[in-house]
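**Student:** Got a structure for you, questions after.
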Amino acid sequence: MAKVLISDKMDPKAAQIFRERGVEVDEITGKTPDELKAIIGQYDGLAIRSSTKVTKEILEAATNLKVVGRAGIGVDNVDIPAASAKGVVVMNTPFGNSITTAEHAIALMFALARDLPEADRSTQAGKWEKNRFMGVEVTGKTLGLIGAGNIGSIVADRALGLKMKVVAYDPFLTEERALELGVQKVTLDELLARADFITLHTPLTDQTRNILSAENLAKTKKGVRIVNCARGGLIDEAALKEGLDSGHIGGAALDVFVTEPAKESPLFGTPNFISTPHLGASTTEAQVNVAIQVAEQMADYLVSGGVTNALNMPSLTAEEAPKLKPYMGLAEKLGSLVGQLAHGAIDRVSIHMEGAAAELNPKPLTSAVLKGFLGTQTDTVNMVNAPVLARERGTEVREIRTEREGDYQTLLRVSVRTADGERSVSGTLFGDQAPRLVELFGIKVEADLTGSMLYVVNEDAPGFIGRLGTTLGEAGVNIGTFHLGRRQAGGEAVLLLSVDEPVTADLLAKVKTLPGVKTAMGLRF
Ligand SMILES: NC(=O)C1=CN([C@@H]2O[C@H](COP(=O)(O)OP(=O)(O)OC[C@H]3O[C@@H](n4cnc5c(N)ncnc54)[C@H](O)[C@@H]3O)[C@@H](O)[C@H]2O)C=CC1
Ligand SMILES: O=C(O)CCC(=O)C(=O)O
Numbered sequence: 001m002a003k004v005l006i007s008d009k010m011d012p013k014a015a016q017i018f019r020e021r022g023v024e025v026d027e028i029t030g031k032t033p034d035e036l037k038a039i040i041g042q043y044d045g046l047a048i049r050s051s052t053k054v055t056k057e058i059l060e061a062a063t064n065l066k067v068v069g070r071a072g073i074g075v076d077n078v079d080i081p082a083a084s085a086k087g088v089v090v091m092n093t094p095f096g097n098s099i100t101t102a103e104h105a106i107a108l109m110f111a112l113a114r115d116l117p118e119a120d121r122s123t124q125a126g127k128w129e130k131n132r133f134m135g136v137e138v139t140g141k142t143l144g145l146i147g148a149g150n151i152g153s154i155v156a157d158r159a160l161g162l163k164m165k166v167v168a169y170d171p172f173l174t175e176e177r178a179l180e181l182g183v184q185k186v187t188l189d190e191l192l193a194r195a196d197f198i199t200l201h202t203p204l205t206d207q208t209r210n211i212l213s214a215e216n217l218a219k220t221k222k223g224v225r226i227v228n229c230a231r232g233g234l235i236d237e238a239a240l241k242e243g244l245d246s247g248h249i250g251g252a253a254l255d256v257f258v259t260e261p262a263k264e265s266p267l268f269g270t271p272n273f274i275s276t277p278h279l280g281a282s283t284t285e286a287q288v289n290v291a292i293q294v295a296e297q298m299a300d301y302l303v304s305g306g307v308t309n310a311l312n313m314p315s316l317t318a319e320e321a322p323k324l325k326p327y328m329g330l331a332e333k334l335g336s337l338v339g340q341l342a343h344g345a346i347d348r349v350s351i352h353m354e355g356a357a358a359e360l361n362p363k364p365l366t367s368a369v370l371k372g373f374l375g376t377q378t379d380t381v382n383m384v385n386a387p388v389l390a391r392e393r394g395t396e397v398r399e400i401r402t403e404r405e406g407d408y409q410t411l412l413r414v415s416v417r418t419a420d421g422e423r424s425v426s427g428t429l430f431g432d433q434a435p436r437l438v439e440l441f442g443i444k445v446e447a448d449l450t451g452s453m454l455y456v457v458n459e460d461a462p463g464f465i466g467r468l469g470t471t472l473g474e475a476g477v478n479i480g481t482f483h484l485g486r487r488q489a490g491g492e493a494v495l496l497l498s499v500d501e502p503v504t505a506d507l508l509a510k511v512k513t514l515p516g517v518k519t520a521m522g523l524r525f
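In the numbering used here, the protein residues as written are 1 to 525.
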């Protein structure tokens with residue numbers, strides 16, 4: 001039975017779903033990194049929000065871990081490259097808290113427009129300072145949206161409903177989408193110059209870090225009010241403080257900080273500054289949504305291999321997973337076969353899917369081919385990191401789908417390009433869903449790719465098979481299965497034998513001395 005640890009406060013629905021799906025679950029929150037390291041080895045899954053930091057050190061101790069599920073959007077608390085290297089799938093719940101976070105941004109915008117927190121403090125202190133608080137309307141004002149993804153789009157929709165004009169800076173926003181959202185796509189400089197309010201909705205990346213730097217803050221309209229419900233680090237906090245102190249910035253509301261929890265900050269106590277403790281996603285509705293979603297996604301993966309919303313692996317529905325499983329076995333074996341047989345640098349791997357195979361989700365098949373292929377070069381490859389490793393090694397990967405059937409109702413062909421040209425191997429699934437090789441470098445040969453195998457290329461001539469059998473017999477090697485193919489009579493022939501013991505260098509040396517042998521190699525599957 002798979003076992004999951006919920007290490008951050010999460011709606012009880014998450015634990016309930018894990019149990020209903022037959023997954024054992026422990027809820028242990030508030031652990032220090034060392035305490036988490038000490039227990040993480042027991043778990044197959046780790047469900048988190050933003051408090052748990054899934055670092056390389058934690059992942060190293062997580063010897064059984066298969067999946068990290070983030071009940072939320074941002075995964076900057078997870079070392080994704082380290083997780084990928086270990087074959088741990090990282091999932092998030094990209095939509096469950098979007099409305100809630102967008103509403104928080106709008107709430108903070110209003111709070112700034114009418115100085116609500118300070119007005120509340122003053123009134124409850126018995127001051128009744130009616131003349132002190134003079135706000136601004138948002139109607140007719142320009143909202144500058146930095147980042148127009150899921151949350152940014154909802155903010156835009158709500159702002160348009162409030163009769164604001166919305167300008168958006170997002171390099172990945174198309175003109176069509178901007179039109180659909182009813183926003184005007186602008187450059188960052190234009191946004192800074194025009195916006196009365198600015199709200200940020202991007203992840204924290206190398207490109208977005210300090211997107212509101214001192215220099216950019218200086219380009220804003222005097223009196224601009226700024227909201228950040230995305231990530232600390234998008235705004236230069238020291239420059240923001242200066243801007244508020246000088247009066248250039250009319251107000252700022254931060255839900256997120258460079259260092260969290262933000263127990264102290266030079267910004268605290270600054271007039272026109274409002275803060276909340278990373279509450280963007282904190283509504284009952286959002287927390288129920290993300291808890292249900294993360295538990296269902298993680299249980300799907302642990303119980304049936306379905307992959308949804310993974311950041312380091314292609315998606316695979318729970319219905320697709322059983323159908324794809326035998327194909328993935330075939331894909332991995334074919335990848336491994338070309339990896340073992342092809343010589344020299346390979347700059348391209350092509351995966352052809354024909355007939356029924358062409359109707360399947362190609363991404364998991366590609367990952368499986370690459371896992372098999374790269375597994376002949378490194379021990380650290382897995383389904384999760386295989387595409388990344390291939391890219392890092394400069395190997396181009398192509399997927400080609402042909403729906404028409406050839407000789408087989410379903411076929412996978414893996415071709416590799418080396419300095420000597422393109423070479424391919426093909427396989428199919430037989431009735432019992434067993435993976436079977438059907439073509440090797442242009443020669444028709446049927447074989448199960450299992451265990452230890454001996455691969456021999458020889459000149460097709462009478463008596464050769466007998467001599468090979470005698471050599472193996474004399475070496476005490478028992479033949480399990482025997483597969484033979486040839487281009488034409490008297491031409492080049494290929495032999496694939498499964499043998500009960502690993503093929504030793506000694507045996508290969510003997511086979512190579514047989515007349516007519518061109519190549520002899522041991523293979524392992
Ligand atoms: N305060 C809170 O509790 C919460 C905060 N968040 C944060 O909000 C962020 C946004 O969430 P979503 O809208 O769901 O993400 P999303 O991925 O749907 O949208 C992000 C947008 O940022 C844009 N973007 C990327 N690089 C950019 C750049 N250099 N300049 C301008 N735009 C850029 C992308 O094109 C995309 O449209 C998340 O990354 C997360 O960190 C999310 C949920 C709750
Ligand atoms: O779980 C939370 O409260 C934080 C949510 C968040 O920041 C996110 O989903 O990116």
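Ideal Cβ positions, reconstructed from N, Cα and C, are used throughout, including at glycine. The model shown is predicted, which means the values in this text are computed figures rather than measured ones.
With a floor of 4 residues, list each alpha helix (DSSP H) that falls wholly inside the stretch 193 to 273, ordered by position along the chain.
**Tutor:** Counting only runs of 4 or more, we get 214 to 218, 237 to 246.
**Student:** Taking DSSP as the reference, what is the three-state secondary structure of residue 343?
**Tutor:** Working through the sequence shown from its first residue, we reach residue 343 at position 343. If DSSP states are grouped into helix, strand and coil, residue 343 belongs with coil.
**Student:** Quick one: which unbroken alpha helix (DSSP H) runs of 4-plus residues sit fully inside the stretch 5 to 81? Chain order, please.
**Tutor:** Those alpha helix (DSSP H) runs which fall completely within the stretch 5 to 81 and span 4+ residues are 13 to 20, 33 to 39, 56 to 61.
**Student:** Give me the pocket residues for ligand 2, defined as CB within less than 5 Å of any heavy atom, sorted by chain position.
**Tutor:** Going along the chain, the residues that qualify are 49, 50, 72, 73, 74, 281.
**Student:** The beta strand (DSSP E) spanning residue 366 covers which residue range?
**Tutor:** If you number the sequence shown from 1, residue 366 lands on position 366. Premise fails: residue 366 lies in the alpha helix (DSSP H), 362 to 374, not in any beta strand (DSSP E).
**Student:** Going by beta-carbon coordinates alone, are residue 72 and residue 50 separated by less than 8 Å?
**Tutor:** The residue labelled residue 72 in the question sits at position 72 within the sequence shown. The residue labelled residue 50 in the question sits at position 50 within the sequence shown. Yes. Within cutoff.
**Student:** Using DSSP with H/G/I as helix, E/B as strand and the rest coil, what is residue 514?
**Tutor:** Here residue 514 refers to the residue found at position 514 of the sequence shown. The answer is coil: DSSP assigns residue 514 none of H, G, I, E or B.
**Student:** Excluding the 5 residues preceding and the 5 following residue 204 in the sequence, name in chain order all residues of the same chain whose CB lies nearer than 7 Å to its CB.
**Tutor:** Position 204 of the sequence shown, counted from the first residue, corresponds to residue 204. Around residue 204: 76, 231, 233, 234.
**Student:** What does a CB cutoff of less than 7 Å around residue 376 pick up in its chain, not counting 5 residues either side in sequence?
**Tutor:** Stepping through the sequence shown from its first residue, residue 376 is reached at position 376. Only 336, 339, 340 meet the Cβ criterion.
**Student:** Within the continuous alpha helix (DSSP H) that includes residue 104, where are the two ends?
**Tutor:** Residue mapping note: residue 104 aligns to position 104 of the sequence shown, counting from 1. That run of the alpha helix (DSSP H) goes 98 to 114.
**Student:** Can you tell me which of the three DSSP states residue 534 falls into?
**Tutor:** The first residue shown for the chain is 1 and the last is 525, placing residue 534 beyond what the model contains.
**Student:** Using a threshold of 8 Å, state whether the C-beta atoms of residue 496 and residue 447 are closer than that.
**Tutor:** The sequence position of residue 496 within the sequence shown is 496, counting from 1. The sequence position of residue 447 within the sequence shown is 447, counting from 1. It is a contact, given that the beta carbons lie within the stated cut-off.
**Student:** Report the partner residues of residue 458 according to the DSSP bridge assignment.
**Tutor:** Reading the sequence shown from its first residue, position 458 is the one you call residue 458. Residue 458 is bridged to 493, 517.
**Student:** Where do the ends of the alpha helix (DSSP H) carrying residue 284 lie?
**Tutor:** Locating residue 284 in the sequence shown gives position 284, counting from the first residue. 284 to 299 is the span of the alpha helix (DSSP H), which, as asked, contains residue 284.
**Student:** Less than 6 Å between C-beta atoms, sequence neighbours within five positions excluded: which residues of the same chain meet that for residue 173?
**Tutor:** Counting from 1 along the sequence shown, the entry for residue 173 is found at position 173. If we look at residue 173 and ignore the five residues flanking it on each side, its Cβ neighbours are 148, 185.
**Student:** Decide if the stretch 453 to 472 is in contact with the stretch 415 to 422; the criterion is three or more beta carbon pairs, one per stretch, under 8 Å apart.
**Tutor:** The stretch 453 to 472, when compared against the stretch 415 to 422, does not touch it at the 8 Å Cβ threshold.
**Student:** Once DSSP output is grouped into helix, strand and coil, what is the label at residue 315?
**Tutor:** Against the sequence shown, residue 315 aligns to sequence position 315. Coil at residue 315, not helix or strand.
**Student:** With DSSP as the reference, label residue 474 as helix, strand or coil.
**Tutor:** As a position in the sequence shown, residue 474 is number 474, starting the count at 1. Three-state result, residue 474: helix.
**Student:** Can you give the Cα-Cα distance for residue 3 and residue 12, rounded to whole angstroms?
**Tutor:** As a first step, residue 3 is located in the sequence shown; it is residue number 3 there, counting from the start. As a first step, residue 12 is located in the sequence shown; it is residue number 12 there, counting from the start. Approximately 16 Å between the Cα atoms of the pair.
**Student:** Checking the sheet assignment: what are the DSSP bridge partners for residue 435?
**Tutor:** As a first step, residue 435 must be located in the sequence shown, where it is residue number 435. In the DSSP output, where bridge partners are listed per residue, residue 435 has 429.
**Student:** Does any heavy atom of ligand 1 sit closer than 7 Å to the C-beta of residue 148?
**Tutor:** On the sequence shown, position 148 is the one that residue 148 refers to. Yes, ligand 1 has a heavy atom inside 7 Å of this Cβ.
**Student:** From 322, 369, 346, pick the residue whose C-alpha is nearest to that of residue 353; which is it?
**Tutor:** Taking the first residue of the sequence shown as 1, we reach residue 353 at position 353. With distances taken between Cα atoms, residue 353 lies closest to 369.
**Student:** Do you know how far the Cα of residue 55 is from the Cα of residue 122?
**Tutor:** Taking the sequence shown and counting its residues from 1, the one referred to as residue 122 is at position 122. Taking the sequence shown and counting its residues from 1, the one referred to as residue 55 is at position 55. Taking the straight line joining both Cα atoms gives about 44 Å.
**Student:** Any chance the stretch 496 to 509 sits against the stretch 479 to 486, with 3 or more Cβ pairs inside 8 Å?
**Tutor:** In short, these stretches touch, since the Cβ pair count reaches three.
**Student:** List the residues that DSSP assigns as beta-bridge partners of residue 91.
**Tutor:** Here the question's residue 91 lines up with position 91 in the sequence shown. Note: residue 91 sits in a beta bridge opposite 69, 310.
**Student:** Rounding to the nearest angstrom, what Cα-Cα distance links residue 363 and residue 356 in this structure?
**Tutor:** Position 363 of the sequence shown, counted from the start, is the residue given in the question as residue 363. Position 356 of the sequence shown, counted from the start, is the residue given in the question as residue 356. Roughly 15 Å between the two C-alpha positions.
**Student:** If I'm right that residue 286 touches residue 150 with Cβ under 8 Å, what's the distance once you round it to whole angstroms?
**Tutor:** One-based indexing of the sequence shown puts residue 286 at position 286. One-based indexing of the sequence shown puts residue 150 at position 150. Incorrect: roughly 13 Å between the Cβ atoms, too far for contact.
**Student:** When the Cα atoms are used, what is the spatial distance from residue 154 to residue 8?
**Tutor:** As a first step, residue 154 is located in the sequence shown; it is residue number 154 there, counting from the start. As a first step, residue 8 is located in the sequence shown; it is residue number 8 there, counting from the start. Computed Cα separation, rounded: 27 Å.
**Student:** Around the Cβ of residue 103, are there at least 16 other Cβ atoms within 10 angstroms (buried) or fewer (exposed)?
**Tutor:** For the purposes of this step, residue 103 is taken as the residue at position 103 of the sequence shown. Its Cβ being crowded by 16 or more others within 10 Å, residue 103 is buried.
**Student:** Shorter than 7 Å, the distance from the beta carbon of residue 211 to the closest heavy atom of ligand 1, or not?
**Tutor:** As a first step, residue 211 must be located in the sequence shown, where it is residue number 211. Indeed, a heavy atom of ligand 1 lies less than 7 Å from the Cβ.
**Student:** With C-beta atoms as the reference, is residue 163 less than 8 Å away from residue 193?
**Tutor:** The residue labelled residue 163 in the question sits at position 163 within the sequence shown. The residue labelled residue 193 in the question sits at position 193 within the sequence shown. Contact: no.
**Student:** Go ahead and pull the three-state DSSP assignment for residue 169.
**Tutor:** By one-based count along the sequence shown, residue 169 stands at place 169. Strand.
**Student:** If you compare alpha carbons, which of 180, 292, 401, 197 is closest to residue 253?
**Tutor:** Within the sequence shown, the letter at position 253 stands for residue 253. Of 180, 292, 401, 197, the residue nearest in Cα terms is 197.
**Student:** Return the first residue and the last residue of the alpha helix (DSSP H) that residue 153 is part of.
**Tutor:** Numbered from 1 along the sequence shown, position 153 holds the residue referred to as residue 153. Start and end: 150 to 161.
**Student:** Assuming residue 143 and residue 169 form a contact by the criterion Cβ under 8 Å, report the distance between their Cβ atoms to the nearest whole angstrom.
**Tutor:** The sequence position of residue 143 within the sequence shown is 143, counting from 1. The sequence position of residue 169 within the sequence shown is 169, counting from 1. Not really, about 12 Å apart at Cβ, beyond 8 Å.
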